[in-house]
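Below: the structure, in structure tokens.
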Amino acid sequence: MSTIPITCNNCGAALDIGQGVRFTTCAFCKSRLEIKRTASAVYSEVLESVARQTEHISENVDRLMLQNELERLDREWMMQRKNFMVRGKQGTHRAPGRSGAVAVGLFGVVGGVAWMVFALVIGAGFFACFGLLFIGFAIFMAVYSSRKVKQYEMAQREFDRKRAQLVRRIDESSSA
Ligand SMILES: [Zn+2]
51 MSTIPITCNN CGAALDIGQG VRFTTCAFCK SRLEIKRTAS AVYSEVLESV ARQTEHISEN
111 VDRLMLQNEL ERLDREWMMQ RKNFMVRGKQ GTHRAPGRSG AVAVGLFGVV GGVAWMVFAL
171 VIGAGFFACF GLLFIGFAIF MAVYSSRKVK QYEMAQREFD RKRAQLVRRI DESSSA
């Protein structure tokens, strides 16, 4: 293939390019060059200065790092979330909810009271104590699981906040 000599419009280095080539990169200063052809001459024009290119590359690297961070955040949240999951009816895992904690407490208290009333009615006063135990246990469980719910909600909020922040930074870096 025959080549034509041109000079880099940025650094003045002598370059050889193929006949039909429209774009090239200067071997010396790495500028992107567009090859212009007129009836009488062939010359190069700088498309993008090296400084500008480096800027672009660092912007891309920034965005890549942010995207990696976002993926890592999502992965970590998935793991963290698993620790909070409670087993649902069909063996499925779901996030803990306030209603679950309340239901546990309510069920326990109502059940315990019913048991005590029943024991007293049939004249088995001693067995009424078990109702008290049951109520105590139910309240403990309700408090325990509502604390879990609160922790989960806090973790979720923290994750949402971090994620929104990252997404905003990625948006900013791609619009820059
Ligand atoms: Zn050059």
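Residue numbers (this note's numbering): 51 to 226. Built from N, CA and C at the ideal position, the CB exists for glycine as well.
_Where R122 falls: helix, strand or coil (DSSP)_ = The residue you call residue 122 lines up with position 72 of the sequence shown. Three-state result, R122: helix.
*asked:* Taking a contact to mean a Cβ-Cβ separation below 7 Å, would you say G68 touches T88 in this structure?
replied: Start at 1 with the first residue of the sequence shown, and residue 68 comes out as number 18. Start at 1 with the first residue of the sequence shown, and residue 88 comes out as number 38. For G68 and T88, no; Cβs fall outside 7 Å.
*Separation of I107 from S94, as counted between CA atoms*: As a position in the sequence shown, residue 94 is number 44, starting the count at 1. As a position in the sequence shown, residue 107 is number 57, starting the count at 1. Whole-angstrom Cα-Cα distance: 23 Å.
*The alpha helix (DSSP H) enclosing V96, as first and last residue numbers*: As a working mapping, residue 96 is identified with position 46 in the sequence shown. Note, V96: premise wrong, no alpha helix (DSSP H); beta strand (DSSP E) at V92 to E98.
_Going by beta-carbon coordinates alone, are P146 and V111 separated by less than 7 Å?_
Your numbering for residue 146 matches position 96 in the sequence shown. Your numbering for residue 111 matches position 61 in the sequence shown. No. Outside cutoff.
*asked:* Using 7 Å as the threshold, is the C-beta distance between L97 and E109 below it?
replied: On the sequence shown, residue 97 is found 47 positions in, with the first residue counted as 1. On the sequence shown, residue 109 is found 59 positions in, with the first residue counted as 1. Against a cut-off of 7 Å, the Cβ pair of E109 and L97 comes out as no contact.
*Alpha carbon to alpha carbon, how far is C58 from D221?*
Locating residue 58 in the sequence shown gives position 8, where the first residue counts as 1. Locating residue 221 in the sequence shown gives position 171, where the first residue counts as 1. Distance between the alpha carbons of C58 and D221 is about 36 Å.
*Secondary structure of T75, DSSP reduced to three states*: Residue mapping note: residue 75 aligns to position 25 of the sequence shown, counting from 1. Note: T75 maps to strand in three-state DSSP.
*Within the structure, which residues are defined as neighbours of ligand 1 by a Cβ-heavy atom distance below 6 Å, reported in chain order?*
C58, N60, C61, A63, C76, F78, C79 and S81
*Alpha carbon to alpha carbon, what distance is there between T104 and S223?*
Translated into positions along the sequence shown, residue 223 becomes position 173. Translated into positions along the sequence shown, residue 104 becomes position 54. Those two C-alpha atoms are separated by around 15 Å.
*Run through DSSP, which three-state label would T104 get?*
Residue 104 sits at position 54 when you count from the first residue of the sequence shown. The answer is helix: DSSP assigns T104 an H, G or I state.
*asked:* Please identify the residue among Y202, L116, V171 and L170 whose C-alpha is closest to the C-alpha of R148.
replied: Here residue 148 is taken as the residue at index 98 of the sequence shown, counted from 1. With distances taken between Cα atoms, R148 lies closest to Y202.
*Classify I185 as buried or exposed, calling it buried when 16 or more other Cβ atoms lie within 10 Å of its own Cβ.*
Here the question's residue 185 lines up with position 135 in the sequence shown. When all chains shown are included, I185 counts as buried.
*Have a look at the DSSP bridge pairing and note the partners of K132.*
As a position in the sequence shown, residue 132 is number 82, starting the count at 1. Note: K132 sits in no beta bridge, so no partner.
*Do the segment 72-81 and the segment 164-179 meet, that is, are 3 or more Cβ pairs less than 8 Å apart?*
no
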